[in-house]
Every structure is written in structure tokens, then in C-alpha cells.
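Reading through the C-alpha cells given below for one structure.
In full-length UniProt numbering, the protein residues as written are 1 to 231.
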């Protein structure tokens, strides 16, 4: 039985039995449904609760318009690259990003909608059109229009959109350069991107910094061992 074919009553019973500390096997046997279906319902419930908690934390710990930016990203409404180039929309959205509203203040709501919903390919073309029409990089306009956490957030988002592997290559370099290593950043990036685009990140790292990421991490590990031996 597919999860979407389950009645509301069965779904409620799955959640009720889970609250009673029943295992997935026990729930499946009691209700006569597949273990995979029970697992799917429970994971979906956990994801919904996690997302609600995340949105609550974002709202309580940040201020507008940074809050709106983070909530929009959390919703995950970004379009996938279709391969179709909409030149009219590119021009229209480039103009929206270049225009100022009343009192010469940029419309952060429009910026958020465009940057969090359009595909990366489309946005790169918007940024190119923006520079051609204004003779200004999108980053410079962001620095002129916005301040604080929102400015930092939008700049980070644009960097990821323009070149995701290069963005993470830069983050990795910052994590290992100088005195000490930012272990949490290093480990988080290597694990989270290992099955996504780590090979592309390694290529971007070597191209920009003239050294392989592997060698850099090896050197960092040797430095740790030397420091440890001196204790």
C-alpha cells in the first residue's frame, strides 16, 4: 500500500502507536501495512516538525529582512534549470534588481523572491545582463543597497549561485589558512559535499590556490601532529 493511498485514520494510528514507543515492525504488524510505509510516514512527520522548529528559531533569532531571506530559503522553492532561456524575464528581473523604490530604497522583498526562487542558470544570466545594463557588478549594488546580516546573506547567496564549487573552495581555504584550523567548517563541507560536487570543488581549489585540497589537508594534519608532539 502506497503512503499516499493510506487513509487519514491509518496515518493517525501510525503516529499514535509511535507515541506509545512501538517499533516500526510492531506498528506495521498491528496495522497491516508495509514497514517502508510506516517509516516514510514517521520520517515525513519528523521533517515537518523539524522544519516548523527551524522556522520558529529563524523568526526568533533574526530580524527583517534577513528573517524573510532565511525563511524563503528554508521553503526550498527554487526552480530547476529547464534549459530554456527566457530573455524577456532576464531583462525584466535585471531591471527589478537595478530599480530603487520610494526614498531610493531597494525592494528587499523582490530581491528575496528572485534570488530564492529562480534557477541558478537563469540568475547567472540576470547578473550578466545587470552588469551590461548598469556597468556595475551585482555585488556592488548589494553593498550599496543593503546593510548588516541581510547584506552578508545576499552576498553569500550570490557567490553560491555564480560558482558553487568556487564558493566552497574559498570556504575550505579560509578554514585551513593561518594559525589553527576551523575543524567544524572543514568537516562539515567535506561531508556535506562529498556526494554532491566535491570533485568540482577540488578542481576549483587547485585552480585558484595552486595546490590540491588533499595536499592542504595533509599539511594541516602534519602540523597538528607536530604541535601535539611539542606538548
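Just so you know, even glycine gets a beta-carbon here, dropped at the ideal spot from N, CA and C.
First and last residue of the uninterrupted alpha helix (DSSP H) at residue 89: If you look at residue 89, you'll find it in the alpha helix (DSSP H) that goes 87-98.
Residue 11 and residue 24: beta carbons closer than 8 Å? Between residue 11 and residue 24, the CB-CB gap reaches or exceeds 8 Å.
Between 140, 78, 76, 83, which lies nearest to residue 98 when the distance is taken from Cα to Cα? Checking every option, the nearest Cα to that of residue 98 belongs to 140.
Cα-Cα separation between residue 105 and residue 75, rounded to whole angstroms: Here the alpha carbon of residue 105 sits roughly 26 Å from the alpha carbon of residue 75.
Might you give, ordered along the chain, the residues of its own chain that have their beta carbon closer than 8 Å to the beta carbon of residue 1, omitting 5 neighbours on each side? Interpretation of residue 1 is limited by its pLDDT of 47, a score under 50 that renders its predicted location unreliable; the figure taken from the coordinates is listed afterwards. Cβ neighbours of residue 1 beyond the five flanking positions: 33, 34, 37.
Taking just the CA atoms, how far does residue 178 sit from residue 41? Distance between residue 41 and residue 178, taken at the CA atoms: about 47 Å.
Which residue comes first and which comes last in the alpha helix (DSSP H) that contains residue 6? Careful: residue 6 lies outside any alpha helix (DSSP H) and carries neither H nor E.
Own chain partners of residue 228 with C-beta closer than 7 Å, once the 5 adjacent residues on each side are dropped: Residue confidence is low: residue 228 scores 38 on pLDDT, short of 50, so the model does not pin down where it sits. No coordinate-derived value is stated.
Note down, in chain order, each residue of its chain lying with its Cβ closer than 7 Å to the Cβ of residue 225, except the 5 sequence neighbours on either side. At residue 225 the pLDDT is 42, less than 50, meaning the model places this residue with poor confidence; the figure from the coordinates comes in the next sentence. Cβ within range, chain order: n/a, list empty.
When we look at the beta-carbon of residue 230 and count the other beta-carbons within 10 Å, is it buried (16 or more) or exposed? The pLDDT assigned to residue 230 is 44, lower than 50, so where the model puts this residue is not dependable, and the model offers no usable value.
Beta-carbon separation of residue 173 and residue 214 under 8 Å? When the beta-carbon positions are compared, residue 173 and residue 214 stay at least 8 Å from each other.
So residue 106 is in the alpha helix (DSSP H); what residue range does that whole segment cover? First-last for residue 106: undefined, no H or E at that position.
Helix, strand or coil, according to DSSP, for residue 178 in the structure here? Residue state, collapsed to three classes: coil.
Start-end ranges of the alpha helix (DSSP H) lying completely within the region 188-214, minimum 4 residues: The region 188-214 is shown to contain whole alpha helix (DSSP H) runs of 4 or more residues at 198-209, in chain order.
Element boundaries [alpha helix (DSSP H), containing residue 148]: In this chain, the alpha helix (DSSP H) harbouring residue 148 covers 148-162.
Collapsed DSSP secondary structure at residue 116 in the structure displayed: In the three-state reduction of the DSSP assignment, residue 116 falls in the helix class.
Residue 22 - DSSP class collapsed to helix/strand/coil: Shown here, residue 22 sits in coil according to DSSP, grouped into three states, outside any helix or strand.
Would you identify the three-state DSSP class for residue 135, choosing helix, strand or coil? It is coil, neither helix nor strand.
With distances taken from CA atoms, which of 134, 71, 84, 193 is nearest residue 96? Looking at the Cα atoms, 134 is the closest of the given residues.
Relative to the C-alpha of residue 31, which residue among 16, 43, 45, 44 is closest? Ranking the options by Cα distance to residue 31, first place goes to 16.
Using the C-alpha atoms, what's the distance from residue 170 back to residue 186? So the alpha carbons of these two residues sit roughly 11 Å apart.
Identify, in the order they occur along the chain, each residue of the same chain with its Cβ nearer than 7 Å to the Cβ of residue 211, setting aside the five sequence neighbours on each side. Once the five neighbours on either side are set aside, residue 211 has no close Cβ partner at all.
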